[in-house]
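To start, the structure itself, in structure tokens.
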Amino acid sequence: MRRGLLALLLLLLVLPLGADTLDEVGVRGVLRWAGDASGGGPYIFDGPDGALTGFEVELARELAGRLGVKDAFVQGQWDKLPQLMDRGGADIVLNGYEWSAEREASWPSSVPYYVYTLQLMARKSDGLSSWEDLRRPREGRRQRVGVLSGSAAERCVRERLGESVEILGYDGVTNVLRLVEQGQLDATVQDLPIAVHYGPQFPALVRVGDPVAPGWYVIFTRKGDERLKARINEALRGMFLDGTLRRIYAKYGIWSPEQESLVAIGAHWPPAAASAPRAPTEPLRWFALLAKAAWTTLELAVLSMPLAMLVGLLVALGRLYGPRWLGIPLEVYVEFLRGTPLLLQLFVIYYLLPGIGIRIPAFWAGVLGLAINYSAYEAENYRAGLLAVPKGQWEAALSLGMAPRVALWRVVVPQALRIVIPPVTNDFIALFKDTSVCSVIAVVDLTGAYNRLYNDHPREVLQLGLMAAFLYLAMSYPMSLLARRLERRLGHGRIA
Amino acid sequence: MIEARGILKSHGALKVLDGISLSVAKGETAVLLGPSGGGKSTLLRCLNGLETFDAGQIDVAGHRLLPGRRDEAELTALRRRLGMVFQQFYLFPHMTALQNVASGPRYALGRPREEAEAEAQVLLARVGLGTRAQARPDQLSGGQQQRVAIARALAMKPEAILFDEPTSALDPRMAAEVTAVMADLARAGQTMVVVTHAMGFARAVARTVHVLHAGRIAESGPPEQVFTAPREDVTKAFLHEASGG
Ligand SMILES: Nc1ncnc2c1ncn2[C@@H]1O[C@H](COP(=O)(O)OP(=O)(O)OP(=O)(O)O)[C@@H](O)[C@H]1O
Ligand SMILES: [Mg+2]
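Line by line, the protein sequences are chains E and H.
Count along the first sequence starting at 1, add 918, and that's the number in this note's numbering.
Count along the second sequence starting at 1, add 1235, and that's the number in this note's numbering.
Structure follows, in structure tokens:
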């Protein structure tokens, strides 16, 4: 006990100088490795007995053992794992991360532990025979290819097929395979281990052509953790030479002859930075990407809000003045939508509706989801607004001989619309931010585009952040000006 | 024109209207006065169906109102022939003065906009607001707003108009503008039932004054008689109060 404390004290003294996570790991007796279990098999997934399993789970356990410590899994969102590590939430990142020169510059990599290749998959019934077949338009539109967003597969598809296909980025794997099966996507490109693992579960899909574009899975460490990295490299080499790696990979059906090349490659690691110096026009390209995504944000918001307002108004009118039997269904509508997350609603619209034959393109599913979700909030706004119109206004209108329905439309509703301008404007601005939820259905809004660029170019965080902030401001500032003008012009009617 | 018989209305144990009978002839101006809570507003609101009553019957502008549930369509038809002016004006804030005046013919009767607004312009001129047609209610003084409200009621060419304390929310100068307009109407033969504490107006214009107290009509008669030689103690007490004594 006393000795442990002493070691900790010593460590604290030493930390500022030769700080290396290896020392911390030693004191703690635990190696914390970050991964995303929702990424699925064969990497990290829930086994039949509920325990975490997968070739990376076994790899991590073996690795920790060779460092003389225990391993602890830290769950994170896949494309944010390095950030999780940088914040100190984990010691290493170990989860199917491909090596790239960009990443190497921010997070020094271990020697590679697996050579992956990319596999094109499509529906058996479509008879696709090669990558080139994807260039053929289908039903008058570009073919849709789903990929894990920010992955090497995404870059590979972009390089090979460019604008001749529509590339959609998702967060998971099984949902993409299901989308191909259901016909919302035409094909997907996945790392070979995934094709091997999930192939049997999606019998309607086939592998098309040979695997392509080999690359390396590596473990990422924090900058400065040179000693930790060296120990990991040593352990990996040992695992390779004594056949441990081969045994693990074979167990999951992902051993291949290419893996034999790992030792030779590891001897000269990392590869000389092949990445060309950044073209001076690169920031312009980023800005163009962000601006395009900002346009998508604007479209989503501008198309969904009027719909939400219209439905909301009708729901509020139905609840307050409609027939009695309508009251309960409408209340359930409002409470259900307010009580469940937008994310879930989008998921249902996009992933589950196709199961009953309703197929909506991602963008329109986004518009619909936002509109339906916000209609519940607008219904409550309008309800409050309608109730806030003084009773005397009703009586004056009725006393002129207007039928109740006419009094409602000509006198009460117009005033309620004015009363709710401030809360509705607030909701509109909130909706601008909520469009980012649409990334689960591969609609890339400004936040989504920023995230992707940031993942590819982590060192440009300041520049990218400023660009995104500027674009948000460019959208929201004119909006609040407009809202203020609207309020001033229509606000007359506040005192009845 | 208006014939109410034996109107009873209670809120719980409180008898708000306790067997009121009232008759107003065509072209007549009747003034209702009496202490606060006497049931004046309630009576007016029963006359145009904004409130129901428990017993009695009302014949008004060719319609008969009875206790209990009403047919909305019939009430709407009745209200097209019976105007109402409120203490708080209740102009429609999202419409100009002209649109307010034209709103009845346009929305209740479905008349074309040009036609309705042309007539509305004439009515605004008649209440002395010909130049303020495009003003919004919140750009008008209280007296002007009440005159627009009167023009709005007139636009339906009603057989009778009910006024519920039309000048109580106004200062004396603005009240005088409104009273002058109402006096003109009375002289032109408009049937009116007016709840007011403006004695001068009652004296000059009313043919009959009714004093309401505790849901009953305590005394009725021509203004000279009621004001100078009240028969009932209730009337005397009320006049004493009202004259600031
Ligand atoms: N909805 C209601 N519930 C209970 N009591 C009511 C209701 N409406 C009116 N009253 C009561 O009925 C009585 C008559 O009210 P009413 O407004 O007709 O009087 P009023 O003669 O117009 O008085 P004022 O000069 O103050 O306007 C009052 O005692 C009032 O409190
Ligand atoms: Mg009253």
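Ideal Cβ positions, reconstructed from N, Cα and C, are used throughout, including at glycine.
Per the DSSP secondary-structure output, H:Ser1455 pairs in a beta bridge with H:His1445. At least one C-beta of chain E is nearer than 8 Å to the C-beta of H:Ser1338.
At a C-beta separation below 8 Å, H:Ala1343 has these neighbours in chain E: Leu1318, Gly1319, Met1320, Ala1321 and Val1324. Contact between the segment 1083-1100 of chain E and the segment 1260-1277 of chain E is present: three or more C-beta pairs spanning the two stretches fall below 8 Å.
The beta carbons of E:Ala1280 and E:Ala1360 sit about 5 Å from each other, so the pair counts as a contact at 8 Å. Runs of alpha helix (DSSP H) with 4 or more residues, each lying fully within the segment 1102-1155 of chain E, are found at 1110-1116, listed in chain order. DSSP links H:Leu1267 through a beta bridge to H:Val1430 and H:His1445.
Note that the C-beta distance between H:Val1444 and H:Ala1421 is not below 8 Å. Annotated as proximal: E:Ala1314 and H:Tyr1325, with beta-carbon spacing under 8 Å. For H:Leu1243, the shortest separation between its Cβ and any heavy atom of ligand 1 does not lie below 7 Å. In the DSSP assignment, E:Gly1014 falls outside any alpha helix (DSSP H), carrying neither H nor E.
DSSP places E:Gly1273 in no beta strand (DSSP E); its state is neither H nor E. If one requires a minimum length of 3 residues, the beta strand (DSSP E) runs lying completely within the segment 1302-1351 of chain H are 1317-1320, in chain order.
The alpha helix (DSSP H) runs lying completely inside the segment 1312-1372 of chain E and spanning 4 residues or more are 1322-1325, 1331-1337 and 1339-1352, given in chain order. Each residue's CA atom was taken as its position, placing H:Asp1306 and H:Gly1339 some 20 Å apart. Around the beta-carbon of E:Pro1111, 16 or more other beta-carbon atoms lie within 10 Å, marking it buried. DSSP places H:Phe1473 inside the alpha helix (DSSP H), whose first and last residues are Asp1468 to Ala1477. Within chain H, the residues whose beta carbon sits less than 7 Å from that of E:Pro1332 are His1329, listed in sequence order. For E:Trp1282, the enclosing alpha helix (DSSP H) begins and ends at Ala1280 to Ala1306. Classified as buried, E:Asp997 has 16 or more neighbouring CB atoms from the shown chains inside 10 Å of its CB.
Residue pairing by DSSP places H:Lys1250 opposite H:Ser1245 in a beta bridge. When only Cα atoms are considered, H:Ala1248 and H:Asp1289 end up about 13 Å apart. Not a single CB atom of chain H sits nearer than 8 Å to the CB of E:Gly1007. Residue-level contact by beta carbon fails for E:Glu1405 and chain H, as no gap is shorter than 8 Å. Near chain E, meaning a CB-to-CB distance below 9 Å, the residues of the segment 1295-1319 of chain H are Glu1307, Ala1308, Leu1310, Thr1311, Ala1312, Leu1313, Arg1314, Arg1315, Arg1316, Leu1317, Gly1318 and Met1319.
When C-alpha distances from H:Ala1453 are compared across H:Glu1459, H:Arg1442 and H:Pro1465, the shortest belongs to H:Pro1465.
H:Leu1359 has no beta-bridge partner at all, per DSSP. Secondary structure at H:Leu1257: strand, using DSSP grouped into helix, strand and coil. Contact between E:Leu1260 and E:Val1355 is confirmed by a C-beta separation of about 5 Å, below the 8 Å threshold.
CA-CA distance, E:Gly1156 to E:Ala1185, rounds to 13 Å. Residues of the segment 1283-1311 of chain E with a C-beta less than 8 Å from any C-beta of chain H: Pro1308, Gly1310 and Gln1311, listed in chain order. Within the model, the alpha-carbon separation for E:Leu1086 versus E:Leu1304 is close to 43 Å.
Within the same chain, Trp1049 come within 7 Å of E:Arg1078 by CB-CB distance, once the 5 residues on both sides are set aside. Take H:Gly1284, set aside five residues on each side of it, and the residues of its chain with a beta-carbon closer than 8 Å to its own are Leu1300, Arg1305, Leu1310, Leu1313 and Arg1314, in chain order. Nearest CB-CB separation between H:Met1391 and chain E: below the 8 Å threshold.
Proximity of H:Leu1285 to chain E, defined by a Cβ-Cβ separation below 8 Å, is satisfied.
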